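A.B. asks: Mind having a look at this structure? Questions to follow.
Chains as they are written, first to last, in the working numbering: chain A, 4 to 204; chain B, 199 to 349.
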């Protein structure tokens, strides 16, 4: 029960099996035969899959439209941010999978790719790990568009973790201004984590 | 003196995105005035303290002389920043038309080519914000949660 309370407070439902009546009380779900196991407990896979289907059906078009139509400015919140945050609160596991799917399916669609990366970069690192990590690494390897690469660097800078440092310090790009930015972020993160250059070399 | 109250050595500062969404309806671009190039951090403080997220930004140093010479209307307006002594450092490049927006855009490109552009990383922005807090120019509760949590 404590686990459930803790879990639902962050909108995730990825630990344990819950008694149907308790689950429905906290999530507002109606428990059906399909979502219950033979032991009378809620099937988490079913719940997450249903949420994912709902996200794809009801919100994919909306998110892409927001990303494409809205003016974007670094530092300023967008409706796309708000939409993803609200879905993360409801079900983080399904939302992560949903975002990852949009990212993969739009890998050649630069505006959508940039939009997803910008949204992901603004979310707490731990909330979206490891999907966020994988998306940002994929962005860094995007050779055909320097803006996508930059968004990957920005994401790692925003999360500011030791993993960010490890990935960025080995990154070399051909665009001078981007390499200068990468070097600057690496220097910042080394200071943050008291990593000396000599030690790294 | 030129319209907008800049002395010849004074220059307005703009960010790359120019707050287009905010000012679209009134056909204006938002810029912040700085006394000299060494004063850019003040404009960055004004911009970042009023934002929703702490993210690296680029700032371009524009020439007020050039803009006014080309007929760009520079109007002093109160800026949206929690740093009280910077509120009046805000200027709108107003009544922009397709033609005058083009003049501003080409000027920005020229300034970028002249290296009059600087990127501020998140760590640098944190230092600027923390310094303003330690000088009692800014109180943390005036910042958005997502920014305050990163300081």
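Beta carbons are placed, not taken as given, at the ideal position from N, Cα and C, and that holds for glycine. Bear in mind that the values here come from a model prediction, so they are computed numbers and not experimental data.
I want to verify the contact list: residues of chain B whose CB lies under 7 Å from the CB of residue 167 (chain A), in sequence order.
C.D. replies: Result: empty, since nearest Cβ-Cβ is about 11 Å, beyond 7 Å.
A.B. asks: Looking only at C-alpha atoms, which of A:135, A:130, A:197, A:93 sits nearest to residue 104 (chain A)?
C.D. replies: Considering only alpha carbons, the answer is A:135.
A.B. asks: On the premise that residue 232 (chain B) lies in contact with residue 238 (chain B), defined as a C-beta separation below 8 Å, what is that separation, rounded to the nearest angstrom?
C.D. replies: Confirmed, Cβ separation roughly 6 Å.
A.B. asks: Got a sec, what are the start and stop residues for the alpha helix (DSSP H) residue 153 (chain A) sits in?
C.D. replies: Element bounds for residue 153 (chain A): 149-162.
A.B. asks: Comparing C-alpha positions only, which one of B:322, B:307, B:343, B:324 sits nearest to residue 260 (chain B)?
C.D. replies: The candidate whose alpha carbon is nearest that of residue 260 (chain B) is B:307.
A.B. asks: When you compare the CB of residue 187 (chain A) with every CB in chain B, is at least one pair closer than 9 Å?
C.D. replies: Chain B, which has a Cβ nearer than 9 Å to the Cβ of residue 187 (chain A), makes this yes.
A.B. asks: Looking only at DSSP bridge pairs, what is residue 321 (chain B) linked to?
C.D. replies: Answer is none; residue 321 (chain B) lacks a bridge partner.
A.B. asks: Taking CB distances under 9 Å as the criterion, tell me whether residue 330 (chain B) reaches chain A.
C.D. replies: It does not: the Cβ of residue 330 (chain B) has no partner Cβ on chain A nearer than 9 Å.
A.B. asks: If you draw a straight line from the C-alpha of residue 305 (chain B) to the C-alpha of residue 160 (chain A), how long is it?
C.D. replies: Answer to the nearest angstrom: the Cα atoms are 30 Å apart.
A.B. asks: Cα-Cα, which of B:343, B:324, B:342, B:335 is closest to residue 191 (chain A)?
C.D. replies: The shortest Cα separation from residue 191 (chain A) among B:343, B:324, B:342, B:335 belongs to B:324.
A.B. asks: Please list the residues of the region 99-127 of chain A that have a C-beta atom closer than 8 Å to any C-beta atom in chain B, keeping them in chain order.
C.D. replies: Cβ contacts with chain B come from 124, 125.
A.B. asks: Classify residue 153 (chain A): buried if its beta carbon has 16 or more other beta carbons within 10 angstroms, exposed otherwise.
C.D. replies: Residue 153 (chain A) should be labelled buried.
A.B. asks: Along the region 71-97 of chain A, what residues have a CB closer than 7 Å to any CB found in chain B?
C.D. replies: Within the region 71-97 of chain A, the qualifying residues are 74, 76, 77, 78, 79, 80.
A.B. asks: By Cβ distance below 7 Å, which residues in the same chain neighbour residue 84 (chain A) in space, the five residues on each side in sequence not counted?
C.D. replies: Hits under 7 Å: 122, 125.
A.B. asks: What does residue 291 (chain B) pair with, by DSSP beta-bridge criteria?
C.D. replies: For residue 291 (chain B), which the question treats as bridged, DSSP gives the partners B:227, B:272.
A.B. asks: Among the candidates A:67, A:93, A:166, whose CA atom is the shortest distance from the CA of residue 108 (chain A)?
C.D. replies: It is A:67 whose Cα lies nearest to the Cα of residue 108 (chain A).
A.B. asks: Which residues of the region 269-290 of chain B have a Cβ closer than 9 Å to any Cβ of chain A? Give them in chain order.
C.D. replies: Listed by position along the chain: nothing, the set is empty.
A.B. asks: Below 9 Å between beta carbons: does that hold for residue 151 (chain A) and residue 113 (chain A)?
C.D. replies: Yes, the pair counts as a contact, with Cβ atoms nearer than the cut-off.
A.B. asks: Of the residues B:319, B:348, B:240, B:340, which one's Cα is nearest the Cα of residue 284 (chain B)?
C.D. replies: Considering only alpha carbons, the answer is B:240.
A.B. asks: Since residue 256 (chain B) sits in a beta bridge, which residues does DSSP pair it with?
C.D. replies: B:317, per the DSSP bridge assignment.
A.B. asks: Alpha carbon to alpha carbon, what distance is there between residue 179 (chain A) and residue 171 (chain A)?
C.D. replies: Using only the alpha carbons, I get a separation of about 15 Å.
A.B. asks: From this set, B:297, B:258, B:289, which residue's C-alpha is nearest residue 312 (chain B)'s C-alpha?
C.D. replies: Per the Cα distances, B:258.
A.B. asks: Would you say residue 226 (chain B) faces chain A, with C-beta separation under 9 Å as the test?
C.D. replies: By this cut-off, residue 226 (chain B) is not an interface position.
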